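Working notes, beginning with the structure itself.
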């Protein structure tokens, strides 16, 4: 199937879900905008006979949604939860940090794992966690690989940690945003 953005948006405007025999409940939590993604996913699911119900969490409110056991997220009772973390939000935290790169890496790893733990303490939904796109800016050029505290090196290390920790969780999968962006 060829993915054509304009065509999918047009289909979303006139989407008929009458022939969909199955339904699926998807929650999208992100620190970036997702409105266009939800529309496209509804079309793609409908093409496979699945009525997609989508809950889009508030912008940049991943933690408040997952830590509040009375949140709309848990009331929605999703089959799957997509957690989209953007490089832009990570970059902002990186430049505001007051600790070393190693401490920042540990904090970010812990933050992501805490989100997973909170979700799994309230629901059995499958989690699809994005990794991070590698930053295009490289303050030290190719030397960024050798500078442990560079944003480039830390994003690479964080992506590796996400993958390593996901291996131990059977209901958690990685959405390899970095690979998709390089394509």
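Residue numbers (our numbering): -9 to 173.
Where is the CB? At the ideal position from N, CA and C, for every residue including glycine.
None of the values given here were measured: they were computed from a predicted structure.
Inspect the beta-carbon positions of residue i and residue j and report whether they are closer than 8 angstroms.
i: residue 111; j: residue 129; result: no
i: residue 163; j: residue 145; result: no
i: residue 120; j: residue 165; result: yes
i: residue 35; j: residue 42; result: yes
i: residue 12; j: residue 39; result: yes
i: residue 33; j: residue 2; result: yes
i: residue 16; j: residue 31; result: yes
i: residue 10; j: residue 78; result: no
i: residue 91; j: residue 138; result: yes
Taking only the alpha-carbon atoms, compute the straight-line gap between residue i and residue j and give it to the nearest angstrom.
i: residue 46; j: residue 127; result: 30 angstroms
i: residue 170; j: residue 124; result: 11 angstroms
i: residue 134; j: residue 52; result: 30 angstroms
i: residue 73; j: residue 131; result: 30 angstroms
i: residue 113; j: residue 64; result: 7 angstroms
i: residue 18; j: residue 24; result: 8 angstroms
i: residue 158; j: residue 56; result: 20 angstroms
i: residue 97; j: residue 152; result: 13 angstroms
i: residue 83; j: residue 108; result: 21 angstroms
i: residue 102; j: residue 80; result: 12 angstroms
i: residue 87; j: residue 93; result: 9 angstroms
i: residue -1; j: residue -7; result: 11 angstroms
i: residue 20; j: residue 54; result: 11 angstroms
i: residue 150; j: residue 58; result: 29 angstroms
i: residue 5; j: residue -5; result: 15 angstroms
i: residue 142; j: residue 168; result: 12 angstroms
By the three-class DSSP mapping on this structure, what secondary structure does residue i have?
i: residue 72; result: strand
i: residue 115; result: coil
i: residue 49; result: coil
i: residue 141; result: helix
i: residue 44; result: strand
i: residue 104; result: helix
i: residue 162; result: strand
i: residue 9; result: coil
i: residue 122; result: coil
i: residue 34; result: helix
i: residue 19; result: strand
i: residue 94; result: helix
i: residue 66; result: helix
Please check the pair residue i and residue j, which I expect to be a contact at CB under 8 angstroms, by giving their CB distance rounded to whole angstroms.
i: residue 68; j: residue 115; result: 5 angstroms
i: residue 118; j: residue 70; result: 6 angstroms
i: residue 156; j: residue 95; result: So it is not a contact: roughly 16 angstroms between Cβ atoms.
Taking 7 angstroms as the cut-off, is the CB of residue i close to at least one heavy atom of the ligand SAM?
i: residue 53; result: In the structure on display, the ligand SAM does not appear, and there are no ligands present to speak of.
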